[in-house]
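Undergrad: Going letter by letter, the first sequence gives residues 0 to 345 in numbering that gives the first Met the number 0. Where is the CB? At the ideal position from N, CA and C, for every residue including glycine.
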Amino acid sequence: MNFSNYLIQWYLANKRDLPWRNTKNSYNIWLSEIILQQTKVNQGLPYYYRFIQKFPTIFDLAKASEDDVLKLWQGLGYYSRARNLHFSAKFIVNEYNGEFPITYKELIKLKGVGDYTASAIASICNNEKTAVVDGNVYRLLARYFGINTAINSSKGIKEFKLLAQNLINSKTPGTFNQAVMEFGATVCTPKKPLCNTCILKDSCVALSNNEVVKLPVKVKKNKIKKRYFNYLVFKTTANKTILEKRISGIWRNLYQFPLIETNKEIDENQLVNHPEFLIKCNSETITIKLFNNRIKPHKLSHQHIYAKFWIIKTNDSNKISYSWKTIKKYPVPLLIDKFINEYSNF
DNA sequence: AATCCGGGGGA
DNA sequence: TCCCCAGGATT
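#1: For Pro215, which residues of its own chain have a beta-carbon under 6 Å away from its beta-carbon, when the five flanking residues on both sides are left out?
#2: By DSSP's criteria, Arg15 is part of a beta bridge. Which residues make up the other side?
#3: Can you find at least 3 beta carbon pairs, one from the stretch 309-320 and one from the stretch 224-239, that sit closer than 8 Å?
#4: Curious, which full-length alpha helix (DSSP H) runs of at least 4 residues does the stretch 58-102 contain?
#5: Using only the alpha-carbon positions, how far apart do Tyr78 and His85 sit?
#6: For Pro55, which option in Ile285, Leu30 and Ile198 has the closest C-alpha, if you only look at C-alpha atoms?
#7: Of the residues Asn126, Ala121, Leu35 and Glu98, which one's Cα is nearest the Cα of Ala81?
#8: When the distance is taken between beta carbons, is Leu75 closer than 9 Å to Gly113?
#9: When DSSP builds the beta bridges, which residues end up paired with Ala306?
#10: Considering only DSSP beta bridges, list what Ser322 is partnered with.
#11: Just tell me which of Val132, Met180 and Glu243 has its CA closest to the CA of Gln164.
#12: Excluding the 5 residues flanking Ala184 on each side, which residues of the same chain have their C-beta closer than 6 Å to its C-beta?
#13: Tell me the residue span of the alpha helix (DSSP H) that contains Glu264.
#14: Is there contact between the stretch 10-21 and the stretch 169-180, where contact requires at least three CB pairs shorter than 8 Å?
#15: First and last residue of the alpha helix (DSSP H) that includes Arg49?
#16: Using 10 angstroms around the beta-carbon of Thr116, count the other beta-carbons present and answer buried if the total reaches 16, otherwise exposed.
#17: Please identify the residue among Leu277, Gly111 and Asn208 whose C-alpha is closest to the C-alpha of Gln37.
#18: Would you mind giving the Cβ-Cβ distance between Ile287 and Glu264, rounded to the nearest angstrom? I have them listed as a contact below 8 Å.
#19: The alpha helix (DSSP H) that contains Ile33, what's its start and end?
#20: Per the DSSP calculation, Ile311 is bridged to which residue(s)?
#21: Just reading off the alpha helix (DSSP H) that Val204 is part of, what are its end residues?
#22: Give me the residue from Lys327, Phe182 and Ile259 with the minimum Cα distance to Ile304.
#23: Could you compute how far the alpha carbon of Gln255 sits from the alpha carbon of Ser152?
#24: Am I right that Cys194 and Leu206 are in contact with their C-beta atoms under 8 Å? What's the rounded C-beta distance?
#25: Please classify Leu258: does DSSP put it in a helix, a strand, or coil?
#26: Taking all protein chains shown into account, do 16 or more other C-beta atoms lie within 10 angstroms of the C-beta of Lys307, making it buried, or fewer, making it exposed?
#27: Quick check on this structure: which residue in Lys128, Phe228 and Tyr329 has the alpha carbon closest to the alpha carbon of Asn291?
#28: If you reduce the DSSP assignment to three classes, tell me which class Lys219 lands in.
#29: When DSSP builds the beta bridges, which residues end up paired with His297?
#30: Consult DSSP for Lys244 and reduce its assignment to one of helix, strand or coil.
#31: Between which residues of its own chain and Val40 is the CB-CB distance below 8 Å, once the five residues before and five after are set aside?
#32: Run the CB neighbour count on Glu243, radius 10 Å, all protein chains shown included, and call it buried at 16 or more, exposed below.
#33: Going by the beta-carbon positions, is the gap between Ile339 and Ile326 smaller than 9 Å?
#34: Pick out whichever of Pro332, Phe159, Leu270 and Ile123 has its Cα sitting closest to the Cα of Thr346.
#35: Considering only residues of the same chain and omitting the five flanking positions on each side of Thr261, which have a CB-CB separation below 6 Å?
In structure tokens form, the structure reads like this:
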């Protein structure tokens, strides 16, 4: 027996009894697939019952107001699903006389229906050999075949789709699709998969390599945050300045010049009118000059810092207590250290 | 290619 | 409380 036949056999014996599995009505299948996008069966089940009860046919759904549809969807999240569901119902009634499309080619055109949903409906309702690749499929295939390609990369999306397409059983593609997903949802789960009793454990690459927890691989999209720092570099006639210790966040306990952080880049006029500037700067300011006209972002793994160093010449005061000669003794971020060196050489 | 869109569940 | 889950639309 091969992978596909094992899964189908397992599915026929172990599948959960779910309402949409007792019908091939494409309206019902479509409704269930939209509800189950990013949604676990237990969460979506009551919504499916309510929708089928209130809107037994696509004509009932098309006749409803968007408010009514959204009200029934309330609490399920991702509300564009409900708006697209309603839009597509009206579209099918108006354009197809209420006859629900069942071919992949037609389904993919519907709002709210992508490759996954079109493949699911076409395979179940039209016996088309269109493999579904949802989160469950990614996980099961990555583990069973030991595939390290990131599932959220364009390379991975193509690779897994192709693999699933090569594995799909041509006699019962719909059953194969549901079998893979059901297996992933109940046996090859994201956390604590049931490897001990798994019917595929003898041939699972990830299990034999002890890398089940590592798969599937996903590239984490660490979004780079942009921050805008304005450092106030005081310089008195006696050659003194101010350093402050950072108390939280990045560079905690390192020293820096007094800092004003803003949402975007600001100019001198915006700086001197900034409320924090009025607090941090005394009235004895003589001149303000921007040291670095060209801002090179300081890049950290998760943020890019656009720092401006404002040279503020002022008279001596009690707050100004760091001699320029001694500031190099203090631990500072590389960004500050570079500035000090450049400024000293200037 | 990156970002947004909810809510459930587990650590 | 934080992290993971992940299909489709949008830009």
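TA: Answer, in terms of the structure:
#1: For the purposes of this step, residue 215 is identified with residue 216 of the first sequence, where counting begins at 1. Once the five neighbours on either side are set aside, the close Cβ partners of Pro215 are Tyr137, Arg138, Ala141 and Ile150.
#2: Start at 1 with the first residue of the first sequence, and residue 15 comes out as number 16. Answer is none; Arg15 lacks a bridge partner.
#3: yes
#4: 65-72 and 79-94
#5: Here residue 78 corresponds to residue number 79 of the first sequence, with the count starting at 1. Here residue 85 corresponds to residue number 86 of the first sequence, with the count starting at 1. Looking at the two C-alpha atoms, the distance is approximately 11 Å.
#6: Stepping through the first sequence from its first residue, residue 55 is reached at position 56. Its Cα nearest to that of Pro55, the residue Leu30 stands out among Ile285, Leu30 and Ile198.
#7: Stepping through the first sequence from its first residue, residue 81 is reached at position 82. Taking only the C-alpha atoms, the option nearest Ala81 is Leu35.
#8: Here residue 113 corresponds to residue number 114 of the first sequence, with the count starting at 1. Here residue 75 corresponds to residue number 76 of the first sequence, with the count starting at 1. Their beta carbons are not under 9 Å apart, which means Gly113 does not touch Leu75 by this criterion.
#9: Mapped onto the first sequence, residue 306 falls at position 307. In the DSSP output, where bridge partners are listed per residue, Ala306 has Phe228.
#10: Locating residue 322 in the first sequence gives position 323, where the first residue counts as 1. According to DSSP, which records beta bridges pairwise, Ser322 is partnered with Lys239.
#11: Along the first sequence, read from residue 1 onward, the residue named residue 164 stands at position 165. It is Val132 whose Cα lies nearest to the Cα of Gln164.
#12: Along the first sequence, read from residue 1 onward, the residue named residue 184 stands at position 185. Asn135.
#13: Counting from one through the first sequence, the residue named residue 264 turns up at place 265. Neither: Glu264 is in no alpha helix (DSSP H) and is coded neither H nor E.
#14: yes
#15: By one-based count along the first sequence, residue 49 stands at place 50. Counting along the chain, the alpha helix (DSSP H) containing Arg49 begins and ends at Val40 to Lys53.
#16: To locate residue 116, count along the first sequence from 1; it is residue 117. Buried is the call here.
#17: The residue you call residue 37 lines up with position 38 of the first sequence. Distance from the Cα of Gln37 is smallest, within the candidate group Leu277, Gly111 and Asn208, for Gly111.
#18: Your numbering for residue 287 matches position 288 in the first sequence. Your numbering for residue 264 matches position 265 in the first sequence. About 16 Å separates the two Cβ atoms, so there is no contact after all.
#19: One-based indexing of the first sequence puts residue 33 at position 34. Per DSSP, Ile33 belongs to the alpha helix (DSSP H) from Ser25 to Ile34.
#20: Indexing the first sequence from 1 puts residue 311 at position 312. In the DSSP output, where bridge partners are listed per residue, Ile311 has Phe233 and Ile287.
#21: Along the first sequence, read from residue 1 onward, the residue named residue 204 stands at position 205. Here the alpha helix (DSSP H) through Val204 covers Val204 to Ser207.
#22: What you label residue 304 is simply residue 305 of the first sequence in a count that begins at 1. Comparing Cα-Cα distances from Ile304 to each of Lys327, Phe182 and Ile259, the minimum goes to Ile259.
#23: Locating residue 255 in the first sequence gives position 256, counting from the first residue. Locating residue 152 in the first sequence gives position 153, counting from the first residue. Between Gln255 and Ser152, the C-alpha separation is close to 40 Å.
#24: Sequence index remark: in the first sequence, residue 194 carries index 195 (1-based). Sequence index remark: in the first sequence, residue 206 carries index 207 (1-based). The pair is a contact, with the Cβ atoms about 6 Å apart (cut-off 8 Å).
#25: Walking along the first sequence from the start, residue 258 turns up at place 259. Three-state DSSP puts Leu258 in a strand.
#26: Indexing the first sequence from 1 puts residue 307 at position 308. It counts as buried.
#27: For the purposes of this step, residue 291 is identified with residue 292 of the first sequence, where counting begins at 1. Residue Phe228 is the option with its Cα nearest to Asn291.
#28: Counted from its first residue, the first sequence places residue 219 at position 220. If DSSP states are grouped into helix, strand and coil, Lys219 belongs with coil.
#29: To locate residue 297, count along the first sequence from 1; it is residue 298. DSSP lists Ile304 as partners of His297.
#30: Within the first sequence, numbered from 1, the residue matching residue 244 stands at position 245. In the structure shown, the three-state DSSP call for Lys244 is strand.
#31: On the first sequence, residue 40 is found 41 positions in, with the first residue counted as 1. These residues qualify, in order along the chain: Arg15, Leu17 and Ala184.
#32: Translated into the one-based positions of the first sequence, residue 243 becomes position 244. So Glu243 counts as exposed.
#33: The sequence position of residue 339 within the first sequence is 340, counting from 1. The sequence position of residue 326 within the first sequence is 327, counting from 1. Taking 9 Å as the cut-off, the beta carbon of Ile339 is found closer than this to the beta carbon of Ile326.
#34: Residue numbering for the chain in the displayed model covers 0 to 345; residue 346 lies beyond these limits and cannot be assessed.
#35: Within the first sequence, residue 261 is the residue found at index 262, counting from 1. Cβ within range, chain order: Tyr227.
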